[in-house]
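In the numbering used here, the protein residues as written are 741 to 1103.
One structure is given below, encoded as structure tokens.
Shown next as structure tokens:
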């Protein structure tokens, strides 16, 4: 298989607009706030093709030189993304005070106002390169103080290859050995968000009501994310691209790799939003099968409780379901999954099957 490398400006653009990643259109380690100027202005309903850049391969503990880092793993020079090289060379961050993520945006969506929801539909996700990285850093991950054993960053270079007609991630069973484990890819954007009010840019790691680094792997092609708008124009942004992730993301990162994303941005006016979902206070995902309310908190137990509360509120608002009956339904029929436990703020999301309510008339 000859890989297609989606360098900036190369390849078809499926959206109404194209937003490349460059030092002028990204933030590194922080998320947009109300004071940030948009890099693109669009109408509600427009689609935008956005280049995203993975932070893996450009971080300081990897040399801040993606050409050298990936070259050491056998990647040809022309297969290293030019925008990753440019961003690493031109921008800097405070590793002690900033997050690692590169986010593209913000995008001003005309007529979006606080109280509305911004619906971001994932239309298309295209890998920009045929490789990624999975990292475990000292003091982070699910097993803090245990892994990595060396106390130094472990970055596992992970190629993707075509095996039996399917493109998969490939990892050795033993370092340097011939036996490998293969796992399927399911690309998604770990970071999708709207700007916060005020003049302080949030750290890029902990998710919140603004979305941000929610790491919900259900946000594949065809899914949508609803976020409560906090500032005029929403000022949306995306980043933290993944090729694959297991719920929990226990090592700290999953298979991080750059994607070209085509997204549709739509304003859902407050009156419509209330009728559809009730008062949405944080990220809400919708797939072709599930409604997915979320719970976020530094304590995983509290994140779970918040997710249950959000699910109850959703069922009461959308279907008029009595609270005690909704609680019973959730216990009998809904899976509550751990989104991630490695982002300071833990995430839990519920998968409510919409088909279960096909016979329920909504007033």
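Backbone N, C-alpha and C fix where the C-beta goes; we use that ideal spot for every residue, glycine too.
About 18 Å separates the beta carbon of residue 963 from that of residue 1007, a gap too long to meet the 8 Å contact definition. Residue 996 counts as buried, since at least 16 other C-beta atoms from the protein chains shown sit within 10 angstroms of its C-beta. Relative to residue 879, the option among 1083, 1090 and 1094 whose CA is nearest is 1083. Within its own chain, the residues whose Cβ lies closer than 6 Å to the Cβ of residue 839, once the five positions on either side in sequence are excluded, are 769, 943, 944 and 945, listed in chain order. In the structure shown, residue 1071 adopts helical secondary structure according to DSSP, grouped into three states. A Cβ-Cβ separation of about 6 Å places residue 887 in contact with residue 876 under the 8 Å criterion. Counting the other CB atoms within 10 Å of its CB gives residue 1055 a total of 16 or more, which places it among the buried residues. Approximately 36 Å separates the beta-carbon atoms of residue 771 and residue 1060; this is outside 8 Å, ruling out the contact.
Annotation for residue 937: 774, 970 and 971 place their beta carbon closer than 7 Å to its own, counting only its chain and skipping 5 residues before and after.
Taking the C-beta atoms as reference points, residue 994 is found no nearer than 7 Å to residue 1033.
Within its own chain, the residues whose Cβ lies closer than 8 Å to the Cβ of residue 763, once the five positions on either side in sequence are excluded, are 826, 827, 830 and 831, listed in chain order.
For residue 961 and residue 872, the gap between their C-alpha atoms comes out near 19 Å. Residue 790 has its alpha-carbon roughly 8 Å from the corresponding atom of residue 761. Check the Cα spacing between residue 1046 and each of 935, 759, 1087 and 992: the tightest is with 1087. Counting only runs of at least 3 residues, the region 892-937 fully encloses the following beta strand (DSSP E) elements, listed from N- to C-terminal order: 894-903, 906-912, 920-924 and 928-934. Secondary structure at residue 1084: coil, using DSSP grouped into helix, strand and coil.
Burial state of residue 989 is buried, judged by a 10 Å Cβ sphere holding 16 or more other Cβ atoms. Residue 765 and residue 788 do not touch by the CB rule: their CB atoms are close to 12 Å apart, not below 8 Å.
In the DSSP assignment, residue 806 falls within the alpha helix (DSSP H) that extends over 806-811. Contact check between the region 888-902 and the region 792-806: three or more CB pairs, one atom from each, fall below 8 Å, which counts as touching.
DSSP places residue 986 outside both helix and strand once states are collapsed to three, so it counts as coil. Counting only runs that start and end inside the region 800-888, the alpha helix (DSSP H) elements of at least 4 residues fall at 806-811 and 822-830. Three or more pairs of CB atoms, one per stretch, sit closer than 8 Å, so the region 999-1013 contacts the region 858-867. Taking 7 Å as the cut-off, the beta carbon of residue 870 is found closer than this to the beta carbon of residue 900.
In the structure shown, residue 1096 adopts helical secondary structure according to DSSP, grouped into three states. Under the three-state reduction of DSSP, residue 1006 is assigned to strand.
Only residues of its own chain outside the window of five on either side were considered, and among them 1058, 1059 and 1060 have a CB closer than 8 Å to the CB of residue 1102, listed in chain order.
Residue 833 counts as buried, since no fewer than 16 other beta carbons sit within 10 angstroms of its beta carbon. The beta carbon of residue 1085 sits closer than 6 Å to the beta carbons of 946, 947, 1036 and 1038 from its chain, once the five residues preceding and following it are set aside; these are given in chain order.
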